[in-house]
Every structure is written in C-alpha cells, then in structure tokens.
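Q:
Number of protein chains: 2
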Amino acid sequence: MSPASQVTLSDVASVAGVSLSTASRALRGEGRIAQATRDRIVDAARRLDFQPNMLAQSFASGRSRTVGILSQRAVGTFSAPIIIGAVRELGQSDNATLLYDADFSLQTLTSNIRKLQSRRIDALLMVGDTPDRALPSVTDAFPVPVAYAFLGTTDPDDAVFLPDYVQAGRLAGEHLLEIGRTRIAHISAAPTEATVRLREQGVRESLQDADLDLVASLTEGGTWSRQWGVLAAERLLASGVDVDAIFCGNDQIAFGAIETLRARGLRVPDDVAIVGMDNWPGVMPHQDVNGLTTVDPRLTELGAAAAAYLTGGQSATGAQVQPCSLIIGQSTVPPVAA
Amino acid sequence: MSPASQVTLSDVASVAGVSLSTASRALRGEGRIAQATRDRIVDAARRLDFQPNMLAQSFASGRSRTVGILSQRAVGTFSAPIIIGAVRELGQSDNATLLYDADFSLQTLTSNIRKLQSRRIDALLMVGDTPDRALPSVTDAFPVPVAYAFLGTTDPDDAVFLPDYVQAGRLAGEHLLEIGRTRIAHISAAPTEATVRLREQGVRESLQDADLDLVASLTEGGTWSRQWGVLAAERLLASGVDVDAIFCGNDQIAFGAIETLRARGLRVPDDVAIVGMDNWPGVMPHQDVNGLTTVDPRLTELGAAAAAYLTGGQSATGAQVQPCSLIIGQSTVPPVAA
DNA sequence: ATGAAAGCGCTAACAT
DNA sequence: ATGTTAGCGCTTTCAT
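Protein chains in written order, with the UniProt record's numbering: chain F, 1 to 338; chain R, 1 to 338.
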C-alpha cells in the first residue's frame, strides 16, 4: 500500500489524452461520452491509482457526502448501538459520518451545530439517550434534512425515530399468553415517563384480546433500577395478588424481581414467568443465550432506519416507530432437560 | 438560528475594510496584526454571522482537522466505549471524527482506507474488538499518524493502546488480600488468549508479595461465557481445593461462578469473594452500584488516550498499556446492614 | 462528444 | 502591518 497519491484528475486526463472536464465526466459516469474514450480514461485512472480528492470534490460541488451525528453523552447510554447502526448504514451508501458527542446544552449544541454547518454536512442525525425527553427542534437551523433517534423534539413534524413501545408491550403480553400465563403483572419505572405508559398500554391491549387485564401494575415511585425490581416484587407478593407472570419495564428491574421471587422460594419461570425489556445482555460481548426473556428495542436497526431516511430522500414526517423483537430465554420457558 | 450562511470571508473583509488575507489572518489569530484592525474584522465577522467554510479551508490548507476511525463490527463488542471516548476527546480539540464501521477483511479495509485517504484525514484510529488478535499493520498505508486501540498489529513499533491486564490482575489480587482472603483461585477463558495469561500473571505477582500463590487456575478449555463460569466453579469445588476467593476472567464468568456457589449453599462474599473483569454492568444505562466487584478496563479513557496521542503530536511507539480501575461491589464486601 | 475556462472560498507565498 | 496574487483539485457552465 502506498501513501496517499498526489495523482490528480488532470494527470489522468493528460495520460488519457483528453481534457480535464471529459475526465471528470467519465469518472463520474455523467454526460454522453464515447465508450472508447470512457474506457481509456477509466483505464488511465486505474493505472495511475488515481484517488479523487474528496475535499476538493466536496468543495467544488458544495456537497460533502457526509452526514453529521450529534449524540448526547453516548457513554453508558443507549446511544452507542444507534450510532453504530447509523454509521454502518451510511457507510453502505458511501457516506462518511461526522460524529460529535457532547451534552445537549444550548451552548455546546450551538457550537457543534456551527461546526457541522461549516463542514457542509448533507444531513444531520441527532441521537438522544432517552425518548422521554424532548429537545428543542434544531431542524430549522439546518438547510439539510434532520432526523432524531431515541429523542423527542418540540416540533411534531420532525422525523423522530423511536422504538415501538406499544408493540413491545404487546409482544410481551402475547408471549406470556402463549405460554399459558393469565395472571400477569407489570412492574416499571414511574409512569411520568411516556415510554412506561406505552408499554403498559401494549400489554393491556394484548391481554384484552384474551379478555384479560393486568392483575397489578407497580410503577408509582419506580425507577429503572434492580433495586426497584426487588422492592416492587416484594410489594407485589405482599399484596397477596395471585401472579404467574411479570412484565418488567427493563432488564434491570427484571433481574431484581427474579431475585425477590427466588428469595421467596418461587421458581422462575415455573411459578412466575418474567419478561424484561432492552435485551441488555444482548448488546454486550460474549452474551449468554437462553438467559432472560426480553424485548429487544433493535436500536442498531433503528439507527440504520434513521440513516436510511436521511440519505434516501424520503419525506417521512413525524414519529417513525420502529419494531421491537422478542428474545425468548429461560425466564419464561424452562430449559429443556438434557 | 438561521440556515447556513453564504457569508464568505471576502464579505467580512470588505465590511471591515481590509483585504482578504488580512481578514484570514485576523480570524485565525495568525501573523502580526494591529489590535484595532483585528477587532474591526472580528466584529464584522460576528455581525455578519460569518461561518468559515471548513471544506474550503481544508481544501486550501491540505489538512482537514478530521481524524478517521475504522472500527471492527462495533455492535455487541467492546469497541463502542472506545469510539465514544476517542470522539469526545477529538471534539475537545476541535477535530471532527470520520467513522467507518465494518469488518476488517482485506477488501473492506482497503476500500475504507482509500475513502479515508481521499478525505485527507489528519490521523487514523483503528479500533478492534479484542486485543487477542493482531491486524496486519496499516500504518505505512497512511502518510499520517495511525494508532490502534484494543487491537494488536503485526508491527511492534505501532502505537497500540491496550488495557494493562497485568495491572488488572494485580488490582484484583491486592483487593482480595486486603479483605483478608488468602486462598484465591482463578477462572478464565482458554490461556491461548494472551490477555488471560497477563491477568493471571498480575494476580500471581500481587499474591507473591504476600508469599502466596493461586490455589487453582481453571482456564484450560474455558470460554468467556457464564456457562464456563458455572462449570469451572463446579469443578473447582469438586476438586476439594479450599477456596475463599475467585478472580474471574470476565463478569460473565463471575456471574456463572456465583450461581454455582450459591447453588452449593456457599455465601458470596462471606464464604467466597468474587472479582470479575470488564465492569460489564457499568457501561450500561441505569447501572446498579454495589453489585459485582470488577476491574474496569476504562475503555472510554483508553479511546481518549489514543485520540490524544494522535492529535498531540507525541511520538509514542509500541504498546501503550492503559490503567484499569477496581470497582468494589457486594461480591467482595458484604453490604452494610441497614 | 469533447474542450476551454470560470469559479468554489479559502490559504499562503510574496510584495510592499 | 497589510495588500496582491497565485493556486488547492475539482465541478460546471458554455462553447464548439
């Protein structure tokens, strides 16, 4: 491999014995050009190992084939898989990704927006760390398409990509019904978070199809933590409600609930089946299969969908909910005896 | 916020009543310029909301203030925190990040390298998904500095950034000694992986300081999975070796070992203390504190260090091991009674 | 179908 | 200390 060549388009042109503009057209497959001429030019470019200077190309054309991504404190959040999904998708369509990670405070946001603007990005993807907060829309600050992933905005017309939490709840409910459970409880974080209510709505919908309803829903005062899972499960058992399954707002809560159940001598899934959400184990290396049953928000695909929207020139507007998928593990289906 | 302005440097220059080059110098704080003139120019730029066209700037200067990152299948691996750490660090130094994620097969690698070259990146960071495999060095393919994170290369002179696994093992060993443990075992993946041997070396070193050695090391045939943790712990107990602590190669193995211990009626940490590695819970949202004691490889900081090396113009060469840190949880220290 | 020429918005000699 | 000028490597009219 040689260092970045200094071979320019005009070198190619002179070797091929044509003018600069003809070479330019030929290599971009534009304009009507005699096949013979084109072949000669392409061949010359190959022989010289010509690498077009994208910087010059972008500068001259005004478009950079670059999509900006602004992410909010992506370490220790859900953002990473979204970013990676978007980057992969963009790479496929020969777009580069200009990534900035920071907080979304007005100051740094403004500063990063200016940087992206000065680099003449073709599109912008804002990646948040929770769909439960809304960002002031920055769409109008850009002359290019803007999409939002895992993040709400103040403008209902913005192209916002979110997991379909209602469907997530439905997936959980349907699965629990399928394995014969009928006394299903719900444990989640505080219902001030819209995503909590959407999931609950989803489970309820699926239960209604079987003329059932949740036997309990513990969300008041809840958090996304294992501790809350422990506590809420204790309260649930103490309340005397008869339960054979619990849908938990996330995997942490699910692990906490399992801990409590087992400490009380109940078997999972035999006595109480558990479904979590986030597929937390699934995004980590060396993951176990057959562990917790959980609903995967498919964040990588969500990021890819947002990226595809940006480069695809579609005119979607408003919230674009993305399908989740169910990961079945031993917390709902007992392992097959060896 | 207005759309990307079409205000150019020459607009600023004419408004300020100076020449193009003076304006350029003034705004870049270069050359000797009368304070009054500079103020006038800066003021004009502010009033016009001048945003320099980075594309033009890069094109003219030949430097892009952009660092390329090539990551290997960053979803479901350790790469994400490294990438984020690097991106944050680069953002601080006003560098943009051009990110490509793909496999490191010769073909895609070559293709992505060409793309990065054609965009005239100022430096390149290669982010791998395991330090246990070596990539053919691509350093010579670039006229710019190249660093490798979490990834070995075939060239010993390459600037390679890795967690200090020996120190990781030492941290674990020292901590276990501190809490009074003396019969320490080691469970990890197969010792064909260099990182396994380094960790073991680290624990052994720390134990030697107390004239101790590992009472057992179960790595042969091991994998990074919870299943292996379960199995290895069973074998350990079956072997009759007296044990009061286990250092596990990663958190998954640790969880498996804990499962086995508890199933055998042993208390953690009272009877057997456990230290894992990776701080797997720590990189996820809504993490629990006080859970597993584990060694954090500090991948975000590792990414930042690699980025700082690239932009800092230092001439480090060879492997640059980065410190890990111990996260103390309830698996070595029992929770304080309420 | 091909060529000539004018930029794109800056930076960086080189003058003064 | 400031101005003049020549590019950077390409795209894109406009001729022919």
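We treat Cβ as the ideally placed atom computed from N, Cα and C, and that holds for glycine.
1) Drop a sphere of 10 angstroms on the beta-carbon of E220/F, count the other beta-carbons inside from all chains shown, and report buried for 16 or more, exposed for fewer.
2) Can you pull out the residues from the region 239-270 of chain F whose beta carbon lies closer than 8 Å to at least one beta carbon of chain R?
3) Kindly indicate which three-state DSSP category P81/R falls into: helix, strand or coil?
4) With a Cβ-Cβ cutoff of 8 Å, do A74/F and D103/F count as a contact?
5) Compile a chain-ordered list of the residues in the region 30-58 of chain R whose CB is closer than 9 Å to at least one CB of chain F.
6) Counting Cβ pairs, one atom from each stretch, are 3 or more of them under 8 Å apart for the region 297-316 of chain F and the region 112-129 of chain F?
7) I'd like the list of long-range same chain contacts for Q227/R, defined as Cβ closer than 8 Å, with 5 residues on each side in sequence excluded.
8) Can you name the residues of chain F whose CB is closer than 8 Å to the CB of H286/R?
9) Can the beta-carbon of V18/F be found closer than 8 Å to that of F50/F?
10) Just verifying my parser: in three-state terms, what is the DSSP assignment at S10/F?
11) Tell me which residue opens and which closes the beta strand (DSSP E) that H186/F is part of.
12) Whole angstroms are fine: how far does the CA of L106/F sit from the CA of T139/F?
13) Can you tell me whether DSSP reads V42/R as helix, strand or coil?
14) Which one or two residues does DSSP pair with D132/R in a beta bridge?
15) Give the single residue among L116/F, G265/F, P81/F, M54/F whose Cα lies nearest to the Cα of L98/F.
16) Would M1/F pass as an interface residue toward chain R - the criterion being a Cβ-Cβ separation below 8 Å?
17) Which residue from A210/R, G229/R, T22/R puts its Cα closest to that of Q35/R?
18) Who does T97/F pair with in a DSSP beta bridge?
19) Does any C-beta atom of chain R lie closer than 8 Å to the C-beta of A4/F?
20) I'd like to know whether the C-beta of R181/R is nearer than 8 Å to at least one C-beta of chain F.
21) DSSP on Q314/R, reduced to helix/strand/coil?
22) So if I threshold CB-CB distances at 7 Å, which residues from the region 144-167 of chain R count as touching chain F?
23) With R65/R and S71/R assumed to form a contact (beta carbons below 8 Å), what rounded beta-carbon distance in angstroms separates them?
24) Which class does S137/F belong to by DSSP, given the choice of helix, strand or coil?
25) Can you have a look at P3/R and say buried or exposed, based on whether 16 or more other CB atoms are within 10 angstroms of its CB?
26) Where does A4/R fall in DSSP's three states?
27) On the DSSP bridge list, what partners appear for I246/F?
28) Could you list which residues in chain R have their beta carbon closer than 7 Å to that of P81/F, in chain order?
29) Which stretch, first to last residue, makes up the beta strand (DSSP E) that contains M126/R?
30) Go through its chain and collect everything with a Cβ distance to M1/R's Cβ below 7 Å, but skip five positions before and after it.
31) Relative to the alpha-carbon of D244/R, which residue among A134/R, I274/R, R298/R has its alpha-carbon at the smallest distance?
32) Within 8 Å of any Cβ in chain R, is that where the Cβ of V87/F sits?
33) If I follow the unbroken alpha helix (DSSP H) through V166/R, where does it start and stop?
34) Quick check: is the beta carbon of D211/F nearer than 8 Å to any beta carbon in chain R?
35) Give me the chain F residues within the contact set of L98/R, using Cβ-Cβ distance strictly less than 9 Å, ordered along the chain.
36) For the beta strand (DSSP E) that contains I327/F, what are its first and last residues?
A: With the given structure in hand:
1) A residue is called buried when at least 16 other Cβ atoms come within 10 angstroms of its Cβ; E220/F does not meet this threshold and is exposed.
2) Of all residues in the region 239-270 of chain F, the ones placed with a Cβ closer than 8 Å to any Cβ belonging to chain R are N250, Q252, in chain order.
3) Helix at P81/R.
4) Not a contact, by the Cβ cut-off of 8 Å.
5) Listed by position, the residues of the region 30-58 of chain R near chain F (Cβ gap below 9 Å) are Q51, P52, N53, M54, L55, A56, Q57, S58.
6) Three or more beta-carbon pairs drawn from the region 297-316 of chain F and the region 112-129 of chain F are found closer than 8 Å, and the two stretches are therefore classed as touching.
7) Its chain contains G256 as the residues whose beta carbon lies nearer than 8 Å to that of Q227/R, once the 5 sequence neighbours on both sides are disregarded; these appear in chain order.
8) Residues of chain F with a Cβ closer than 8 Å to the Cβ of H286/R are, in chain order, T223, W224, S225, N250, Q252.
9) No, these two residues do not count as a Cβ contact at 8 Å.
10) Secondary structure at S10/F: helix, using DSSP grouped into helix, strand and coil.
11) Per DSSP, H186/F belongs to the beta strand (DSSP E) from 184-187.
12) If you take the alpha carbons of T139/F and L106/F, they lie about 14 Å apart.
13) V42/R falls in the helix class under three-state DSSP.
14) Beta-bridge pairing links D132/R to no other residue.
15) Out of L116/F, G265/F, P81/F, M54/F, L116/F has the C-alpha closest to the C-alpha of L98/F.
16) Unreliable positioning characterises M1/F in this predicted model, as indicated by a pLDDT of 36, which lies under 50. The coordinate reading is nonetheless provided below. Cβ-Cβ to chain R under 8 Å: yes for M1/F.
17) Out of A210/R, G229/R, T22/R, T22/R has the C-alpha closest to the C-alpha of Q35/R.
18) Paired residues: V67/F.
19) Confidence at A4/F is low in this model, with a pLDDT of 46, below 50, so the placement of that residue should be treated as unreliable; the coordinate-derived value is given next. Chain R, which has a Cβ nearer than 8 Å to the Cβ of A4/F, makes this yes.
20) By this cut-off, R181/R is not an interface position.
21) In the three-state scheme derived from DSSP, where H, G and I count as helix and E and B as strand, Q314/R is classed as coil.
22) Those residues of the region 144-167 of chain R that come within reach of chain F (Cβ to Cβ, closer than 7 Å) do not exist; the list is empty.
23) The Cβ separation is near 20 Å, so there is no contact.
24) Here S137/F sits in coil by DSSP.
25) Reliability of the predicted coordinates at P3/R is poor, the pLDDT of 42 falling under 50, and the value obtained from them is presented with this limitation in mind. Taking a 10 Å sphere around the C-beta of P3/R, we find fewer than 16 other C-beta atoms and assign the residue as exposed.
26) Here A4/R scores only 46 on pLDDT, less than 50, and its place in the model should not be relied on; the value that follows carries that caveat. Residue state for A4/R is assigned as coil, using DSSP reduced to three classes.
27) Secondary-structure assignment with DSSP links I246/F through a beta bridge to A185/F, I274/F.
28) Within 7 Å of the CB of P81/F, the CB atoms of chain R belong to V75, in sequence order along the chain.
29) Segment 123-127, the beta strand (DSSP E) holding M126/R.
30) Residue confidence for M1/R is low, a pLDDT of 36 falling below 50, so the modelled location carries little weight; the figure read from the coordinates is stated next. Around M1/R: no qualifying Cβ.
31) Residue I274/R is the option with its Cα nearest to D244/R.
32) Cβ-Cβ to chain R under 8 Å: yes for V87/F.
33) Residues 165-178.
34) At a cut-off of 8 Å between beta-carbon atoms, D211/F makes no contact with chain R.
35) Those are T66, A96, T97, L98, L99, listed as they occur along chain F.
36) Looking at the DSSP string, the run of the beta strand (DSSP E) that includes I327/F is 325-327.
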